[in-house]
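Note sheet for the following structure.
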Amino acid sequence: MIDKIRSADRRRVGFLTSVSDRWQALPKWQKAIGVVALLVFVYSLPYLGKLPGGLMIPGLNNLRTDSIDGGNNWAGVLFVCAIYVLVAIGLNVVVGLAGLLDLGYIGFFAIGAYSVALFGSVNSPVVKWIQQEFNLPPTWAVTWGICLLIAIVLTMISGVLLGWPTLRLRGDYLAIVTLGFGEIIRIVARNATGVTNGPVGISAIPGPEGPPSADNKVFGLIDAKPWYWLAITFVLLIVILVRRLEHSRVGRAWLAVREDEDAAAVMGVYPFKFKLWAFAMGAALGGLAGFLFGSRNAFIDPTQFNANLSILFVAMVVVGGSGNMIGVSLGAVLLAYLPERFRDFADYRWLAFGLAMVLVMILRPQGLIPSRRRARELKDRAAEAEEAPAHV
Amino acid sequence: MRRSYVRALGTVALAATLVVAAGCQDSGGSEGGTASGDCGGKIAIFGAFTGDNAGLVIPSLNGAKLAVEQFNAANADCKVTMQEFDTQGDPAVATPFANQIAGDNSFLGVIGGHFSGESDATMPIYQAAGLAMVSPSATRTDLTQKGNTSFYRVVGNDSTQAGAVASYLKTQNAAKVFMVDDASAYGAGITDELGKQLGPLVVNKDKIQERQTQFDATVSKIKSSQADFVFYGGYTREAAPLVKQMRAAGVQAKFVGPDGLYDTAFPSGASGGAEGAIITCPCLPADKAGGTFSADYQKKFGIPPGSYGAEGFDGATIYLDAFKAGKKSRADILAFVKSYDKQGVSKYIKFDSKGDVDPTKVVIWAYQIKGNAIEALQELKLS
Amino acid sequence: MHFDELIGHLGQHTVDGLSKGAIYALIALGYTLVYGVLRLINFAHSEVFMVGTFSVLILWTQLGVQNNPPIGQAILFLVLGLVVAAVASGGTALALERIAYRPLRRKNAPPLIFLITAIGLSLVFVELFGQVLPKLLGGVLPEAFGRPRQIVGMPTIIQQETLFTVGNTAITNIQLIVFVSAVAMMALLDWFINRTRYGRGVRAVAQNPETAALMGVNQERVIMLIFVLGGIMAGAAALLWSMRFGFTQNSIGFVLGLKAFTAAVLGGIGNLRGALLGGLFLGIVEVYGATLFASNWEDVIAFVVLIVVLMFRPTGLLGESLGRARA
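Protein chains in written order, with the numbering used here: chain E, 533 to 924; chain B, 3 to 385; chain A, 71 to 397.
What follows is the structure in structure tokens.
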């Protein structure tokens with residue numbers, strides 16, 4: 533049975549590779565059409581199976597999460613999928629490209645979310661303090677766009693601050709230190725009542741149109757679609773950015789460091805610098821995702837940033853196929869979408885996650901849609917293992 | 003041949019998904035039609051029905067289910083459906099649910115949220131949609147102080163319960179009270195309120211964290227404070243080991259906790275350590291509650307109604323009465339809830355201008371742990 | 071800041087910290103053994119401990135143990151508990167190795183893959199004991215066990231009493247039992263690794279697997295041995311835990327495991343004596359910190375200390391050296 537699954541799987545990967553090869557071989561105009569079609573599809577997803585006029589398409593409609601009893605808002609779920617894709621792409625820079633195991637990614641996510649909450653919401657102690665200190669009106673708060681900058685800068689700084697002392701450590705140590713970092717952020721957010729409102733959380737977090745209000749024209753309270761379109765726009769921009777980074781000198785340096793740190797150092801690639809760069813980059817993307825998450829929900833409290841989510845994030849990357857942006861995005865979408873669509877199994881969600889992680893790792897360590905390079909590395913290692921069975 | 007195997011497998015999987023999905027779809031369709039009668043309608047209930055904290059919320063859900071079921075049995079011409087939305091207690095999951103409920107015009111009222119965080123997060127959305135929210139168990143004091151006009155709760159808030167605890171401690175001639183809380187919104191909220199009301203009686207305090215299991219530092223602080231009462235604001239998971247470790251270390255101080263501990267898992271988890279502990283709860287003892295609620299609940303679910311069972315029942319009853327009175331729009335129902343004035347199972351329900359239940363009508367009881375049971379002790383004076 | 075409280079009862083807090091750290095140290099051994107030989111973080115080891123506590127719970131409930139049994143029976147229950155917990159935890163650890171890690175080792179998978187697998191296994195165990203077993207065993211076990219994810223109490227086997235007092239420091243019987251048995255278990259393990267033929271095999275594989283294989287060490291057997299040994303230590307920790315705290319829950323493993331792993335890293339992962347030192351050190355730091363600030367800062371203090379120690383000693387307090395363990 534297992535052999536059958538394995539061979540079927542090998543076929544599937546062969547199919548994926550051939551698709552990717554054919555795509556590479558297409559003429560430019562055909563590629564352009566493909567990209568445009570993909571964009572149209574992605575942006576029209578909120579209408580999947582349920583067109584604006586109320587027309588239902590039976591088969592497709594059943595894919596929506598609101599097609600079941602007690603199902604969640606479809607655009608709302610799509611938004612979460614987009615946020616998770618952003619997280620997965622960011623974490624992929626750290627784990628997949630630079631090969632650093634970060635189990636505290638939720639910490640950066642939380643810092644991003646708290647930046648917009650602390651500086652953008654009139655209910656935050658920080659804004660209240662600034663109002664008092666500078667005699668500003670009680671409706672004053674930092675605008676959304678500036679909060680975005682604050683979020684990115686703060687997360688980058690915290691990435692560097694965490695990375696500076698810890699990136700010299702070996703990989704396994706890094707895992708526990710980052711896990712500790714994620715917990716520290718959550719506990720501080722919870723205990724530092726005077727700054728973060730503690731466990732009570734912060735409400736009235738602003739969106740692009742200012743604080744949440746029924747009068748907002750686009751980002752109102754009831755319709756979640758604009759938020760999805762906003763998030764997916766950010767995702768596309770980040771995809772382009774990371775793609776360019778991946779194929780730049782920095783991207784090649786990351787690969788070199790991941791594959792053999794010593795060899796890279798000998799070739800003049802200073803590992804620490806590039807690791808720190810990857811860490812800061814990943815942190816900023818996590819912060820961006822947290823920023824969008826906070827401003828969409830307009831409310832955050834520390835319970836939303838627990839260590840389980842860090843593990844879920846790593847699972848998205850590894851199950852999807854670490855190193856490959858399409859793979860990790862697929863992993864993110866699956867892990868965000870499936871529990872919402874099949875809510876009857878909600879109580880067994882973590883059991884299912886756990887089993888899926890174990891099975892994928894044992895059967896397909898390179899993930900569902902692996903990066904080609906990564907798959908080759910793993911194959912090499914397996915071949916080495918066969919040649920020298922004694923090696924552990 | 004292998005390729006065809008893959009394809010076959012894929013097709014089968016896809017087909018299975020669609021069949022399953024279609025099945026779900028059908029059941030959804032048939033229920034949607036029931037809302038269109040002359041009387042009746044659809045309400046939503048949301049809260050943590052699965053996950054770590056489900057144990058605190060399920061009684062309320064069951065209470066509401068019981069109310070709807072009894073109503074439908076008694077009024078064949080007035081069918082009411084109640085749709086459950088499971089948030090796992092996470093405000094980020096509750097928000098898209100609120101979008102969904104607010105955007106679906108067949109929903110005429112909402113029961114929830116069950117926790118203060120998810121209530122806080124979703125209040126603006128429901129208000130924008132003109133939907134009434136009746137919460138059975140969100141007790142944070144400031145929820146009703148934010149100028150929201152559609153949020154009502156059938157439960158006393160933290161400061162009311164803290165007032166009752168304070169008056170109880172004072173009648174017991176407490177001289178030194180040691181306060182511990184779990185730094186959660188609920189535990190810290192009620193403990194802070196109590197601290198304000200007790201003033202100089204508080205000798206010292208400590209905060210613990212969720213999932214903490216070893217309390218050496220806290221216990222030795224309690225010991226050296228020589229307190230005669232220990233108040234713990236939080237839930238069973240941390241309270242049971244805390245009280246057990248206190249007793250093992252020879253601390254004799256009386257242990258007092260709020261309704262977060264109103265759960266038989268507390269005495270059984272502390273295996274003897276919780277004997278004599280006092281729990282306050284804004285819930286009536288079974289024999290004092292109105293009507294046959296306790297007996298009906300026991301009969302249907304096989305366990306006595308827990309901490310918020312009666313509140314869930316009352317929350318649903320408000321909407322059922324509204325439907326019975328022929329209200330058919332969100333605005334009418336909101337107005338009906340606002341002016342509601344009737345004896346409920348848990349207490350007499352009448353809301354003040356902010357949405358809190360009239361503080362003079364809140365009833366808080368003290369219970370005592372005997373063996374593995376929670377026995378009613380006395381009704382408490384409020385502040 | 072409560073300096074006077076800390077200084078005034080420094081002895082008491084140290085004793086509390088030592089007995090807290092002793093349990094960390096026993097669990098930390100499991101991480102350290104596996105890491106020392108395989109260079110792999112067995113993230114699921116915390117669940118090995120959790121399974122141990124549940125096996126003690128099931129045993130004591132089935133035997134119908136009441137609170138405070140006479141001393142003779144108490145000793146019997148403890149010994150039986152130790153056997154059952156050691157078998158359950160050792161067996162679980164071995165099963166993890168066989169089912170999950172061995173196929174990966176065959177493929178020579180990178181450490182990340184092992185770690186993710188271990189995290190997955192950990193989730194599976196937590197959910198099994200939180201959801202699936204309560205449904206299956208709800209009728210057999212105490213009522214509270216029948217409810218998902220609920221905390222379940224165990225009978226008190228030994229009443230905690232103050233044995234003797236030095237200054238204002240009271241030392242209780244339970245603290246003494248926990249500390250002495252933890253140190254004894256560790257001394258036994260240290261002797262086993264450093265002085266016996268099997269231990270030599272373990273050290274050989276840790277130092278250089280290829281050479282060890284050429285020298286005729288059966289590597290698979292060594293790997294099974296270390297998993298079982300780590301499991302037995304976790305079982306012993308589970309018994310001490312049950313005796314001291316008298317409750318369990320499906321989720322207790324996560325926090326304890328995290329602390330124990332921190333302890334192992336603090337002491338120098340792969341180093342048996344480092345695990346002991348790291349565990350005791352972490353226990354004391356936590357109690358001091360919780361006294362000085364408040365208990366809700368405990369975890370922050372633990373992790374900050376970890377980061378600071380690693381900054382100055384990147385391989386932990388004693389360095390990593392299962393292979394080169396000083397004889």
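Ideal Cβ positions, reconstructed from N, Cα and C, are used throughout, including at glycine.
From the DSSP secondary-structure annotation, give me the bridge partner or partners of residue i.
i: residue 88 of chain B; result: B:49
i: residue 112 of chain B; result: B:46 and B:135
i: residue 208 of chain B; result: B:182
i: residue 256 of chain B; result: B:231
i: residue 155 of chain B; result: B:137
i: residue 199 of chain A; result: BP columns for residue 199 of chain A are empty, so no partner.
Using 10 angstroms around the beta-carbon of residue i, count the other beta-carbons present and answer buried if the total reaches 16, otherwise exposed.
i: residue 83 of chain A; result: buried
i: residue 309 of chain B; result: buried
i: residue 916 of chain E; result: exposed
i: residue 144 of chain B; result: exposed
i: residue 250 of chain A; result: exposed
i: residue 147 of chain B; result: exposed
i: residue 254 of chain B; result: exposed
i: residue 802 of chain E; result: exposed
i: residue 672 of chain E; result: exposed
i: residue 115 of chain A; result: buried
i: residue 779 of chain E; result: exposed
i: residue 90 of chain A; result: buried
So, helix, strand or coil for residue i, using DSSP?
i: residue 371 of chain B; result: strand
i: residue 233 of chain B; result: strand
i: residue 343 of chain B; result: strand
i: residue 227 of chain A; result: coil
i: residue 198 of chain B; result: helix
i: residue 319 of chain A; result: coil
i: residue 381 of chain B; result: strand
i: residue 600 of chain E; result: coil
i: residue 921 of chain E; result: Low local confidence applies: a pLDDT of 49 at residue 921 of chain E is under 50, so the model's placement there is unreliable, with the coordinate-based value given in what follows. In the structure shown, residue 921 of chain E sits in coil (DSSP, three-state: anything other than H, G, I, E or B).
i: residue 651 of chain E; result: helix
i: residue 904 of chain E; result: helix
i: residue 385 of chain A; result: coil
i: residue 331 of chain B; result: coil
i: residue 29 of chain B; result: Since pLDDT at residue 29 of chain B reaches only 37, below the 50 mark, its modelled position is unreliable, and the value read off the structure follows with that caveat. Residue 29 of chain B falls in the helix class under three-state DSSP.
i: residue 310 of chain B; result: coil
i: residue 23 of chain B; result: Residue placement at residue 23 of chain B is flagged as unreliable, the pLDDT there being 45, under the threshold of 50; the coordinate-derived value follows with that caveat. Note: residue 23 of chain B maps to helix in three-state DSSP.
i: residue 82 of chain B; result: strand
i: residue 303 of chain B; result: helix
i: residue 240 of chain A; result: strand
Taking the Cβ atom as the reference point for each residue, do residue i and residue j lie within a distance shorter than 8 angstroms?
i: residue 578 of chain E; j: residue 760 of chain E; result: yes
i: residue 791 of chain E; j: residue 909 of chain E; result: yes
i: residue 45 of chain B; j: residue 109 of chain B; result: yes
i: residue 115 of chain B; j: residue 51 of chain B; result: no
i: residue 57 of chain B; j: residue 265 of chain B; result: yes
i: residue 157 of chain A; j: residue 129 of chain A; result: no
i: residue 895 of chain E; j: residue 541 of chain E; result: yes
i: residue 347 of chain B; j: residue 158 of chain B; result: no
i: residue 196 of chain A; j: residue 320 of chain A; result: yes
i: residue 317 of chain B; j: residue 140 of chain B; result: no
i: residue 333 of chain A; j: residue 94 of chain A; result: yes
Check whether the Cβ of residue i lies closer than 7 angstroms to any heavy atom of the ligand PLP, and answer yes or no.
i: residue 139 of chain A; result: This structure lacks the ligand PLP, and indeed carries no ligand of any kind.
query = Which runs of the alpha helix (DSSP H) spanning at least 4 residues fall entirely within the segment 120-192 of chain A, listed in chain order?
reply = 141-166 and 172-176
query = Taking the runs of the alpha helix (DSSP H) that are 4 residues or longer, which of them lie wholly in the segment 605-629 of chain E?
reply = 606-624
ask   = Which parts of the segment 851-902 of chain E are runs of the beta strand (DSSP E), unbroken and 3 residues or longer, counting only runs that do not cross its ends?
value = none
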